[in-house]
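First up is the structure itself, then whatever we jot down about it.
What follows is the structure, encoded as structure tokens:
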């Protein structure tokens, strides 16, 4: 079942629940922070950007989990299959320190610590990302100045509850095929970012979760025969009986997919071999692909209250996807990232 929201609604509703769960193509859902029926330490808000090209990937996160802020940046070298990620923790942000907005269109957020100054800004006709991460990798600093341009394209918005707790909810936007240009310096290395070849996504999320969750997510943004093309794949998180967030981005619109599955090599105990080839399948036959990993950006955190096991795997995907109109799109060695994450927080 795919329930499309076509009129303005509040998320959550006045009673703190998701009365009309489903997906939308534009920002017609209004994030109503004041309607949340949960204490401040259960509210979660984040802006996450990921950009890729044939040579490297960049990721930036500003997130507020109520009782702690998690701020991070990553540089992923796809040619040498190496990466480095650093994070800063800020105690008790309580939704007040980073300026995370109520609308995807706001684009504004910023954070400042002894090691990190990072901001996401609305610059009128584009967004701007600035990152100065000191001693990012031993004595190497990470410096980034990127202008981000949005194509004229629909996005995937989804609002879903948890079946076991009606006041828990997930409101999220995945805006793909963003074009980035600018410069990034990693120690003595300097890379110029070209918007023709460097594309990515904004993962914008707000909500209240239950404590222990595992999700599967895949994202890719690039070009197909010169046309911006991408996909968002996701499952395992909240009650998706009303709608999935699976879709293609192509020719200015999203093309809705039903259910997908990541077939990851491993055993029945869930011990996956993340760097072996995967298969991606769909129950409607509209997305079928082979995924060849380049590297696993793995991270384990255990701070007693906060426990996280993350495997974000970058690689190349070869397969096909079918649009709503029945057009078959074939892609080869398409750079993307697939992840499996379990969080307790």
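Numbering (the working numbering), first residue to last: 32 to 376.
Glycine residues also receive a C-beta, built at the ideal position from the N, C-alpha and C atoms.
Contact under 7 Å by Cβ, residue 314 with residue 289: A contact, by the Cβ cut-off of 7 Å.
Straight-line gap, residue 33 to residue 354 (C-alpha atoms, nearest Å): 16 Å
Inter-stretch contact at 8 Å, needing at least 3 Cβ pairs: the segment 63–70 / the segment 81–88: no
Rounded C-alpha distance that separates residue 279 from residue 342: 23 Å
Spatially closest choice to residue 151 from 80, 124, 118, by CA coordinates: 80
Cβ neighbours of residue 218 in the same chain (closer than 6 Å, five flanking residues each side left out): 171
Bridge-paired residues (DSSP) for residue 222: 215
Bridge partners - residue 33, DSSP secondary structure assignment: Answer by DSSP bridge pairing: none, since residue 33 is not bridged.
Coil, strand or helix - residue 289 by DSSP: coil
Spatially closest choice to residue 247 from 234, 265, 233, by CA coordinates: Looking only at 234, 265, 233, the smallest Cα-Cα distance to residue 247 is reached by 265.
Residue 361 versus residue 349 - alpha carbon distance: About 8 Å.
Pair within 7 Å by beta-carbon distance, residue 183 and residue 283: yes
Close-in-space but distant-in-sequence residues of the same chain around residue 146 (CB under 7 Å, 5 per side omitted): 119, 164, 165, 166
Residue 168 versus residue 117: straight-line alpha-carbon distance, rounded: 8 Å
Selected residue, minimal CA-CA separation from residue 332, among 291, 375, 115: The shortest CA-to-CA distance from residue 332 to any of 291, 375, 115 is the one to 375.
Option in 206, 250, 239, 101 with minimal Cα separation from residue 73: 239
Where the beta strand (DSSP E) through residue 129 begins and ends: Here residue 129 belongs to no beta strand (DSSP E), and DSSP marks it neither H nor E.
Check whether residue 344 and residue 305 have beta carbons under 7 Å apart: yes
Cβ-Cβ separation, residue 213 to residue 177 (assumed contact under 8 Å), whole Å: Confirmed, Cβ separation roughly 4 Å.
Residue(s) in a DSSP beta bridge with residue 81: 90, 232
Endpoints, the beta strand (DSSP E) within which residue 344 is located: 338–353
Counted within 10 angstroms of its Cβ, other Cβ atoms place residue 111 as buried (16 or more) or exposed: exposed
Chain-order list of residues whose beta-carbon lies under 6 Å from that of residue 45 (same chain, five-residue window excluded): Excluding residues within five positions, the ones whose Cβ falls inside 6 Å are 66.
Close-in-space but distant-in-sequence residues of the same chain around residue 185 (CB under 8 Å, 5 per side omitted): 56, 57, 280, 283, 284, 285
Uninterrupted beta strand (DSSP E) stretches inside the segment 114–179 (no shorter than 3 residues): 140–143, 147–153, 158–168
Expected contact under 8 Å - CB spacing of residue 140 and residue 93 to nearest Å: At roughly 5 Å, the Cβ-Cβ gap stays under 8 Å, so residue 140 and residue 93 are in contact.
Distance CB(residue 229)-CB(residue 82) smaller than 7 Å: yes
Counted within 10 angstroms of its Cβ, other Cβ atoms place residue 223 as buried (16 or more) or exposed: exposed
Closest Cα partner of residue 196 within the set 367, 48, 359, 365: 48
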